[in-house]
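Asks: Residue numbers (this note's numbering), protein chains in the order written: chain A, 700 to 1106; chain B, 700 to 1106.
2 protein chains.
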Amino acid sequence: MISATCVAPVNIALIKYWGKRNEDLILPVNDSISMTLNTNEMCAKTTISASEKFERNRMWLNGDEVDFEENVRLMRCLKGVQNLVLANGISKVPLSWKLHIASRNNFPTAAGLASSAAGYACLVFTLARLYGLPHNEELTTIARQGSGSACRSLYGGFVHWHRGVLENGSDSVAVPVVPAQHWPNMHVLILVVNDARKKTSSTLGMQRAVTTSTLLQQRVTDVVPHRTKKLIDAINTRNFTEFAEITMRESNQFHAIALDTFPPCIYMNDVSHAIVNFVHSYNEAAGTILTAYTFDAGPNACLYVLEEHVPKLLASINEAFPNDIAQSVEYLQGIPMTTPSPVSGNDQGSGDSSKKCTNENVKINHSTIDTYPKNLLKYIIHTKIGDGPRQMTDEDSLLSDGLPIAN
Amino acid sequence: MISATCVAPVNIALIKYWGKRNEDLILPVNDSISMTLNTNEMCAKTTISASEKFERNRMWLNGDEVDFEENVRLMRCLKGVQNLVLANGISKVPLSWKLHIASRNNFPTAAGLASSAAGYACLVFTLARLYGLPHNEELTTIARQGSGSACRSLYGGFVHWHRGVLENGSDSVAVPVVPAQHWPNMHVLILVVNDARKKTSSTLGMQRAVTTSTLLQQRVTDVVPHRTKKLIDAINTRNFTEFAEITMRESNQFHAIALDTFPPCIYMNDVSHAIVNFVHSYNEAAGTILTAYTFDAGPNACLYVLEEHVPKLLASINEAFPNDIAQSVEYLQGIPMTTPSPVSGNDQGSGDSSKKCTNENVKINHSTIDTYPKNLLKYIIHTKIGDGPRQMTDEDSLLSDGLPIAN
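(1) Once DSSP output is grouped into helix, strand and coil, what is the label at isoleucine 1034(B)?
(2) I want to see whether chain B comes within less than 8 Å of asparagine 968(A), judged by CB atoms only; does it?
(3) Kindly say whether glutamine 952(B), judged by its beta-carbon, lies nearer than 8 Å to any beta-carbon of chain A.
(4) List the residues of chain A whose Cβ lies closer than 7 Å to the Cβ of arginine 918(B), in chain order.
(5) Distance check for tryptophan 759(B) and threonine 993(B), CA to CA, integer angstroms please.
(6) Check whether the Cβ of leucine 958(B) lies closer than 8 Å to any Cβ atom in chain A.
(7) Considering only residues of the same chain and omitting the five flanking positions on each side of leucine 853(A), which have a CB-CB separation below 8 Å?
(8) If we count the other Cβ atoms within 10 Å of its Cβ and call it buried at 16 or more, is glycine 1048(A) buried or exposed?
(9) Just how far apart, CA to CA, sit serine 702(A) and asparagine 737(A)?
(10) Could you check what DSSP says for proline 924(A) in three-state terms: helix, strand or coil?
(11) With DSSP collapsed to three states, give me the class of cysteine 742(B).
(12) How far does the beta strand (DSSP E) with isoleucine 1080(A) in it reach, from first residue to last?
(13) With a threshold of 7 Å on Cβ separation, who are the neighbours of tyrosine 830(B) within its own chain once the five nearest residues in sequence on each side are excluded?
(14) Using a Cβ-Cβ cutoff of less than 7 Å, which residues in the same chain neighbour arginine 755(B) once the five nearest sequence positions on both sides are dropped?
(15) Given cysteine 705(A), which residues of its chain have a CB within under 7 Å of its CB, disregarding the five upstream and five downstream residues?
(16) Thinking C-beta only, is lysine 719(B) closer than 8 Å to isoleucine 711(B)?
(17) Given alanine 817(A), which residues of its chain have a CB within under 7 Å of its CB, disregarding the five upstream and five downstream residues?
(18) Just to confirm the assignment, what range does the alpha helix (DSSP H) spanning isoleucine 974(B) have?
(19) Look at the alpha carbon of lysine 778(B) and the alpha carbon of asparagine 968(B), and state the distance between them as a whole number of angstroms.
(20) Can you check DSSP and say which residues form a bridge with serine 814(B)?
(21) Using 8 Å as the threshold, is the C-beta distance between alanine 996(A) and glycine 904(A) below it?
(22) Check this for me: beta carbons of alanine 957(A) and proline 963(A), under 8 Å apart or not?
(23) Taking only the alpha-carbon atoms, compute the straight-line gap between isoleucine 1104(B) and aspartate 763(B) and give it to the nearest angstrom.
(24) Would you mind stating whether alanine 984(B) and isoleucine 1079(B) have Cβ atoms separated by less than 8 Å?
(25) My output table needs one value for leucine 713(A): the three-state DSSP class, helix, strand or coil.
(26) Could you spell out the range, first to last residue, of the alpha helix (DSSP H) harbouring proline 1010(A)?
(27) Name the one or two DSSP bridge partners that proline 962(B) has.
(28) Can you tell me where the alpha helix (DSSP H) with threonine 839(B) in it begins and where it stops?
(29) Among Ile1034(A), Leu1097(A), Ser1099(A) and Ser1096(A), whose alpha-carbon lies nearest the alpha-carbon of threonine 1082(A)?
(30) In chain order, what residues of the same chain have a beta carbon less than 6 Å from the beta carbon of threonine 946(B), not counting five sequence neighbours either side?
(31) What three-state label does DSSP hand leucine 890(B) in the structure shown?
(32) For serine 869(A), which option in Trp860(A), Pro875(A) and Val877(A) has the closest C-alpha, if you only look at C-alpha atoms?
(33) Taking only beta-carbon atoms, is proline 727(A) less than 8 Å away from chain B?
(34) Is alanine 749(A) closer than 8 Å to leucine 1097(A) when the C-beta atoms are compared?
(35) Does valine 922(B) get closer than 8 Å to chain A when you measure Cβ to Cβ?
(36) Taking only beta carbons into account, state which residues of the segment 887-907 of chain B come closer than 9 Å to chain A, listed in chain order.
Rendered as structure tokens:
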């Protein structure tokens, strides 16, 4: 029996993926750009064992056995990797051996983060390790066919998923923009919001947007290409102000398109909009843009903020969104809050020195920031930019003799 | 002393006005279409007295004296009408006589309806009556300069405000599409929603949309011209299904543009979206489109529904949005609920007989319609399509000897 265990990260889109030009191959109508999150706080973990003794392919997701051969997307990823193995000519494992796969997410589903992206990226990456394939662009086209945004979770730092133009999708690949080390003080606060509403699934919401929104074409043709270029510039020059504005405008436009869909798709709620309002007031009170929001197909906010500004942003969040459990360990999860390491003498986070905003001593005047009712937030996850997937040791295996280890 | 007293209606936009191409002249970036509401339930009422004994122009709004000469929009309307009088050559009142103006809205501000539209329409119409001017398109260009949508309140039924192309705005006029009598069973329920948030004013929201939304141009150039034509067809043929779909899509797109504005403008809240969701579920349960929503720059819903379908829609609203005061007189205001007059043997409300939806006996299966928490709605106003402004008798005067009558 041969096994491989790997972890893969979650990614958060800055330029949003919304709408497919090919449903089967999962080809998007526009480019997207994401930031990969550190696997310490959130990741998918997958162990795949291959053995000539296994009678059939089996899979366990978060401990529960799930369909394997009937799962079209899963099978497409498996076949995709196996075809690469055949083309490659050599394999560490005979392709005829059946597989046992165990996968877990270490983050709560309630966080509303696209667990399928990390999951499919981890599956494809682990298959590649198992069979001894190199990590290359072709793997991203396979992960993409599991879940579109999974292709972006195959790299760390900032990642660019190209729309591509070919019918077969072979040029719809994800490529790294810069690694995590380029902008190491880029942190993220995920504000998890209470929400009970039924929401339209992303797959359905995208389909409906493509067929009914009369604004989507303008976004695809004109807005996204322009913003993609500007965002890559902002990332390359570590221009937080520019980065933040593009990110917020993109989030708003994605939700505008969802609203222009018929019937409309609503993912943000009143609390989400309160957070948007808070961010604009906070930046205004600071006299400079210190944080930016983005929302995916759910109500939770993802706030980008440089490490040195995390303490005062968290203090303001706690003031604006008072919470009975604010001091508890469950409320602020992830990176522990300590005095931030001083970013001495450099200008990380501000490519344009005229727009410097790394001064940790910016004072926030709270008189212009609204205070909202108690307990609107469920909890906060503090994380940061991170690397791509990586292989773990056998000690990390989720399978023992081909069967899941009890959690 | 010579006096005139008139009432003018509220209008609700179906094709939305959002964005000016000229701020001073109030010239819109796109055409809009509205329906005029019956003055029985809601109207502005204005009395203007002119006397050679008045020392200065004075004005009272809802009983409180307000600036007159400093009010730029008010003065622009007065000068506009007086210029028409000069061009006309005859006047019932010397232009040198000072004016006393009293104006009232008979509907609560909480209804979130554009009181300025009815107010400026009433002002311009009453001035025209006072000076003895005919009612014509030129008056709409003057009312437009008080408040853009005021031009649409100068006619009854359905009204088309043309964007116009001339720099001086003389072709940006409102014209009737059809009178109220064309579709007399067109009723409206205004669902007034509790809301405490601060909102961006329409004027500011429009300015910001024009300068920051990257989707507005697509709407202005492609979407609105197409929808305007289709809506006029639907009105002419009394095709409720088509009318409803365009109306709902338009409402959604207007709010999408507001969201695509930076910083975003949010006018709908969770309750508004619950109403949207209710309407789609209700129509689906009915198997045909029986009602349509539209939202202006606020959270309140305006539901269009044919008279014969009002009772069952109200019953469903009360089931989906239970309210402790549902049985009280304050909760359901406006047209009293009686058994609706049967619309025997005609097909009013359905131009396309294959899409007939006038059957009063459509059964609504409530099992697929969500029930929301109690008391989300403040109250409901039941009104219908109505005529344009009209002159009242002296008995209706709001002024006595040039001073406001106590309310």
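Don't be surprised by glycine CBs; every beta carbon is placed ideally from N, CA and C. All values derive from a computational prediction rather than experimental measurement.
Replies: By the coordinates alone:
(1) coil
(2) Interface residue, yes.
(3) yes
(4) Within chain A, the residues near arginine 918(B) are Leu914.
(5) 32 Å
(6) yes
(7) Ala707, Ala820, Val823, Phe824, His834, Leu838, Thr839, Ala842, Ala873, Gly1087 and Pro1088
(8) Per-residue confidence for glycine 1048(A) stands at a pLDDT of 44, beneath the threshold of 50, marking its modelled position as unreliable; the derived number appears in the next sentence. Buried, because 16 or more other Cβ atoms sit within 10 Å of the Cβ of glycine 1048(A).
(9) 24 Å
(10) helix
(11) Cysteine 742(B) falls in the strand class under three-state DSSP.
(12) 1076-1083
(13) Excluding positions up to five away in sequence, the list reads Val780, Val784, Ser790, Lys791 and Val792.
(14) Lys797
(15) Result list for cysteine 705(A): Thr745, Cys821, Phe824, Thr825, Arg828, Pro1088, Arg1089, Gln1090 and Met1091, in chain order.
(16) no
(17) Ala707, Pro708, Val709, Cys742, Ala743, Asn804 and Ser852
(18) 969-985
(19) 40 Å
(20) Answer is none; serine 814(B) lacks a bridge partner.
(21) yes
(22) yes
(23) 11 Å
(24) no
(25) strand
(26) 1009-1019
(27) Answer is none; proline 962(B) lacks a bridge partner.
(28) 836-843
(29) Ranked by how close their Cα comes to the Cα of threonine 1082(A), the residues Ile1034(A), Leu1097(A), Ser1099(A) and Ser1096(A) have Ile1034(A) in first place.
(30) Same-chain partners within the cutoff: Leu713, Ala991 and Thr993.
(31) strand
(32) Trp860(A)
(33) no
(34) No, the pair does not count as a contact, with Cβ atoms beyond the cut-off.
(35) yes
(36) Arg896 and Lys897
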